[in-house]
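Remarks on the structure that follows.
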Amino acid sequence: MKDLFLFSDFIDASHTFSYFFHLGLVALMAVIIAKFSTHSMQLVPRGMQNLGEAFLEGVLSMGRDTMGDERAARRYLPLVATLGIVVFFSNVIGIIPGFHSPSASLNLTLSLALIVFVYYHFEGIRTQGLVKYFAHFMGPVKILAPLMFPIEVVSHISRVISLSFRLFGNIKGDDLFLAVILALVPYIAPLPAYVLLTFMAFLQAFIFMILTYVYLAGATIVSEGH
Numbered sequence: 207m208k209d210l211f212l213f214s215d216f217i218d219a220s221h222t223f224s225y226f227f228h229l230g231l232v233a234l235m236a237v238i239i240a241k242f243s244t245h246s247m248q249l250v251p252r253g254m255q256n257l258g259e260a261f262l263e264g265v266l267s268m269g270r271d272t273m274g275d276e277r278a279a280r281r282y283l284p285l286v287a288t289l290g291i292v293v294f295f296s297n298v299i300g301i302i303p304g305f306h307s308p309s310a311s312l313n314l315t316l317s318l319a320l321i322v323f324v325y326y327h328f329e330g331i332r333t334q335g336l337v338k339y340f341a342h343f344m345g346p347v348k349i350l351a352p353l354m355f356p357i358e359v360v361s362h363i364s365r366v367i368s369l370s371f372r373l374f375g376n377i378k379g380d381d382l383f384l385a386v387i388l389a390l391v392p393y394i395a396p397l398p399a400y401v402l403l404t405f406m407a408f409l410q411a412f413i414f415m416i417l418t419y420v421y422l423a424g425a426t427i428v429s430e431g432h
C-alpha cells in the first residue's frame with residue numbers, strides 16, 4: 207500500500223511537470239510569433255506581420271460587433287487577443303503526437319476563467335461605480351430584488367464554471383479522441399482527425415474570446431432599462 211502511495215505521488219509530480227513544461231512551450235511560441243510579427247514593421251504588411259495584423263483585426267471586429275463601440279473594443283483588445291493566443295496554442299499543441307494540451311487541465315482553464323471573472327467585475331465597478339454596478343444585480347423591478355440578486359450572483363459564478371469546464375472538457379475529449387485514432391491506425395496519418403481537431407482548437411479559442419467580450423460588454427455598458 208505504501209508503494210502504491212509513492213507511485214501515486216510520482217504520477218502527480220509527472221503530470222505537474224508535463225503541464226508546466228507544455229505551458230512554457232506555449233508561452234515561448236507566443237513570444238516568438240509576436241517577435242517575428244513586430245520585428246520589421248512595414249507599411250504594407252508581409253509574412254508574419256500580415257498574419258498578426260489579420261488576427262488583431264479579426265479580434266477587433268469581434269469586439270466592435272459585441273460591444274458596439276470601436277473605442278471599447280480597442281481598450282480590451284490586448285486582454286482578449288492574449289487570451290485567444292494562449293488558448294489556441296494550448297489547444298493545438300496537443301495535436302502533435304507526444305505533446306499534451308495545457309488546456310486539457312483545469313489548472314489553466316480555471317485560471318483563465320478567474321482572470322476574466324475578476325477583470326470584468328473590476329471594469330464594471332470602475333466604469334459605473336460600486337453601488338450602481340451591483341444595483342444591476344437587483345433587476346429593473348425593486349420588489350423582485352431579493353429574488354433577483356441571488357440569481358444574478360449564481361449566474362455570474364456559473365460563468366467561471368462554464369468558461370473553464372467547457373474548454374477543459376472539449377480539449378480533454380479531443381486528446382482522448384486523437385489517442386484512440388492513433389492507437390487504431392498508428393501507421394496511417396489520420397489527416398481528417400488532425401483537420402477536425404485543429405478546427406476545434408480554433409473554435410474553442412474563438413468562443414473564449416467572444417464570451418470575454420460579451421461579459422465585458424454586460425459589465426460596462428449600461429442599458430436604458432436599468
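Sequential numbering of the sequence shown, starting at 207, is according to our numbering.
Just so it is clear, CB atoms sit at the ideal spot from N, CA and C, and this is done for glycine as well.
Of the listed residues the options, nearest to residue i (C-alpha basis)
i       : options                               : result
His-362 : Leu-417, Leu-397 and Gly-335          : Leu-417
Ile-299 : Ile-387, Asp-380 and Pro-396          : Asp-380
Leu-314 : Val-293, Glu-263, His-327 and Tyr-325 : Val-293
Thr-244 : Gln-255, Met-235 and Val-237          : Gln-255
Ser-364 : Tyr-421, Ala-260, Met-268 and Arg-281 : Tyr-421
Ile-367 : Ile-349, Glu-358, Ser-296 and Ala-319 : Ala-319
Thr-222 : Gln-334, Pro-308, Gly-253 and Ala-279 : Pro-308
Phe-323 : Tyr-419, Leu-390, Phe-226 and Ser-220 : Tyr-419
Lys-378 : Leu-285, Leu-390, Ala-236 and Leu-312 : Leu-312
Other residues of its chain near residue i: CB distance less than 6 Å, five sequence neighbours each side excluded
i       : result
Leu-316 : Ser-370
Ile-427 : none
Own chain residues within Cβ distance below 7 Å of residue i, not counting five before or after
i       : result
Gly-304 : none
Tyr-339 : Gly-330 and Ile-331
Lys-387 : According to the sequence displayed, residue 387 carries Ile and not Lys. These residues qualify, in order along the chain: Pro-396 and Ala-399.
Leu-266 : Ala-279, Arg-280 and Leu-283
Residue i - DSSP class collapsed to helix/strand/coil
i       : result
Ile-387 : helix
Asp-271 : helix
Gln-410 : helix
His-362 : helix
Val-337 : helix
Ile-217 : Model confidence at Ile-217 stands at a pLDDT of 45, short of 50, so the residue's coordinates are unreliable and nothing is read from them.
Ile-301 : helix
His-342 : helix
Val-347 : coil
Ser-307 : coil
His-228 : helix
Ser-246 : coil
Tyr-186 : Outside the displayed range of the chain (207 to 432) lies residue 186, so it cannot be described from this structure.
Test item: CB-CB of residue i and residue j under 9 Å
i       : j       : result
Ile-301 : Leu-231 : no
Thr-272 : Ala-423 : yes
Ala-411 : Gly-290 : yes
Ile-238 : Gly-258 : no
Pro-396 : Leu-384 : yes
His-228 : Ser-296 : yes
Leu-382 : Ile-413 : no
His-306 : Ser-224 : yes
Ala-278 : Gly-269 : yes
Beta-carbon proximity list for residue i, same chain, < 8 Å, skipping 5 on both sides
i       : result
Leu-262 : Leu-283 and Ala-287
Ala-351 : Met-344 and Gly-345
Residue i: CB within 8 Å of a non-hydrogen atom of the ligand COA
i       : result
Glu-276 : What this structure holds is no ligand at all, so the ligand COA is not there to describe.
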